[in-house]
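In what follows, a structure is listed as structure tokens, so that the remarks can point back to it.
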Amino acid sequence: RKEVEQDPGPFNVPEGATVAFNCTYSNSASQSFFWYRQDCRKEPKLLMSVYSSGNEDGRFTAQLNRASQYISLLIRDSKLSDSATYLCVVNGGNFNKFYFGSGTKLNVKP
Amino acid sequence: DAGVTQSPTHLIKTRGQHVTLRCSPISGHKSVSWYQQVLGQGPQFIFQYYEKEERGRGNFPDRFSARQFPNYSSELNVNALLLGDSALYLCASSLTLLRDEKLFFGSGTQLSVL
């Protein structure tokens, strides 16, 4: 079983739509969780950390459910510039290992 | 301030050859990690170094090795290249080894093995 699993998509949505991505992780000892964004042929960039209490950054909201080992990312009012691959990242329980999901591709259409 | 820099940006090698990839972390960052990203997949952890010592190793064969220098820059070496080693190799730097430490990636080295 993979450490981190994501729906690969693609999610094709119109501008202004709300879209949600999910991610599950297998290691119950994991302590740190992140969403990274990766544009085509570019390096991943941190979008936001994910905290147990949930956190919001503008149009982006991240949630963590430790009991179900599940992480989500909600994007409201989608922009064309949100088109990218979103990577779910989980610390492997050992502080020096991070596991990436395969990514969920988002296409925002005009 | 400069971000994470990697060299070369692109590399073409043939099977059986050896390759060395280089990474300079963000100034002040003491930890460097290496990741392999095959097309269509997420990055896979190869190594992490902190203060010149290996602190973590992923599930990669012994053909892969790395080291970190006193100035915190790092090299990733791959021996006896296989076609399957073709990938984007990403270097990430972080300030420390804390669990919630954010990773800052370089733009990567695209390795093609023919």
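From first to last, the protein sequence lines stand for chains A and B.
With the numbering used here as the guide, the letters of the first sequence map in order to residues 30 to 139.
With the numbering used here as the guide, the letters of the second sequence map in order to residues 50 to 163.
Beta carbons: idealized from backbone N, C-alpha and C, even for Gly.
Note that this is a predicted model, so its numbers are computed, not measured.
- Contact of Ser156 of chain B with chain A by beta-carbon distance below 8 Å involves Lys71 and Glu72.
- Taken in chain order, the members of the stretch 87-115 of chain B whose beta-carbon sits within less than 8 Å of a beta-carbon on chain A are Gly89, Gln90, Gly91, Pro92, Gln93, Phe94, Gln97, Tyr99, Arg104, Gly105 and Gly107.
- Shown here for Thr69 of chain B: same chain residues with a beta carbon closer than 7 Å to its own, the five before and five after excluded, namely Glu124 and Asn126 in chain order.
- Here Gly130 of chain A has Val33, Glu34, Gln35, Cys52, Leu116 and Cys117 as same chain residues with Cβ atoms under 7 Å from its own Cβ, once five neighbours each way along the sequence are excluded.
- Uninterrupted beta strand (DSSP E) stretches at least 3 residues long and entirely within the stretch 81-132 of chain A occur at 84-86, 89-94, 99-104, 113-120 and 127-129, given in chain order.
- Here the stretch 60-80 of chain B lies against the stretch 140-149 of chain B, with 3 or more beta-carbon pairs under 8 Å apart.
- The bridge partners DSSP lists for His59 of chain B are B:Gln159.
- For Ser73 of chain B, the uninterrupted beta strand (DSSP E) segment begins and ends at Val68 to Ser73.
- For Gly130 of chain A, the C-beta contacts it makes with chain B under 8 Å involve Gly91, in order along the chain.
- For Tyr65 of chain A, same chain residues with a beta-carbon under 7 Å away, outside a window of 5 residues either side, are Pro73, Lys74, Leu75, Leu76, Leu116 and Val118 in chain order.
- Lys126 of chain A has a beta carbon lying within less than 7 Å of a beta carbon in chain B.
- The C-alpha of Gly132 of chain A is placed about 13 Å away from the C-alpha of Arg70 of chain A.
- Distance between Ala129 of chain B and Ala115 of chain B, taken at the CA atoms: about 15 Å.
- By the neighbour-count criterion, in which 16 or more other beta carbons inside 10 Å mark a residue as buried, Gly155 of chain B falls on the buried side.
- Contact between Leu135 of chain A and Asp111 of chain A holds, since their C-beta atoms are separated by about 6 Å, short of 8 Å.
- Sixteen is the threshold: since fewer than 16 other Cβ atoms of the shown chains lie within 10 Å of the Cβ of Phe118 of chain B, the residue is exposed.
- Distance from the Cα of Pro74 of chain B is smallest, within the candidate group B:Phe153, B:Ser161 and B:Leu163, for B:Phe153.
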